[in-house]
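Down below is the structure, laid out as structure tokens.
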Amino acid sequence: MSYVDGFVLAVPKASIEAYKEIARLAGTIWKEYGALSYVECIGDDVPMGELTSFPRAVQAKDDEIVVFSWITFASRRARDEINAKVMADLRLKGPDECPFDSKRMIFGGFESFVEL
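Under this note's numbering, the letters of the sequence shown match residues 2 to 117, in that order.
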């Protein structure tokens, strides 16, 4: 079974193209170091829930789009090794300005138990 890192974040609509550019580069780098897959999705049908929802989870503002992403790895060990290499890769050490508020990003690692 694979290991998955998952992410939910809010990106300002005015910055979505800059985010896509960074995501394409990041995905290439993760795959280069051994990630099995890298997926970035822009919210299309993401309603604001009364108690919980993707927009509420990341405190999305009216001018922001929710992004849902995941990276798959062969194992937790592979993920830890690959992530260490990615974080040290100078290609991701671009401008200090991030196109989204990383403090509102939700992320975590998940062990798969069903894969069909």
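Using N, Cα and C, we set each Cβ at its ideal position, and we do this for glycine too.
Exposed unless 16 or more other CB atoms sit within 10 angstroms - verdict on residue i
i	result
F108	exposed
T73	buried
R57	exposed
F111	exposed
R25	exposed
R80	buried
F55	buried
CB of residue i within 8 angstroms of CB of residue j, strictly
i	j	result
L10	M106	yes
V12	F69	no
A61	L37	no
S3	E116	yes
L93	I30	yes
Own chain, CB closer than 8 angstroms to residue i, minus 5 neighbours either side, in chain order
i	result
K14	D64, E65 and I66
A27	Y39, V87 and L93
Sequence-distant residues of its chain with Cβ nearer than 6 angstroms to residue i (five each side left out)
i	result
W71	V5, G7 and V40
Sequence-distant residues of its chain with Cβ nearer than 7 angstroms to residue i (five each side left out)
i	result
I23	P100
G35	A79 and I83
Bridge partners - residue i, DSSP secondary structure assignment
i	result
S70	F8 and E41
### Completely contained beta strand (DSSP E) runs for the segment 3-61, where each covers 3 or more residues
4-13 and 38-43
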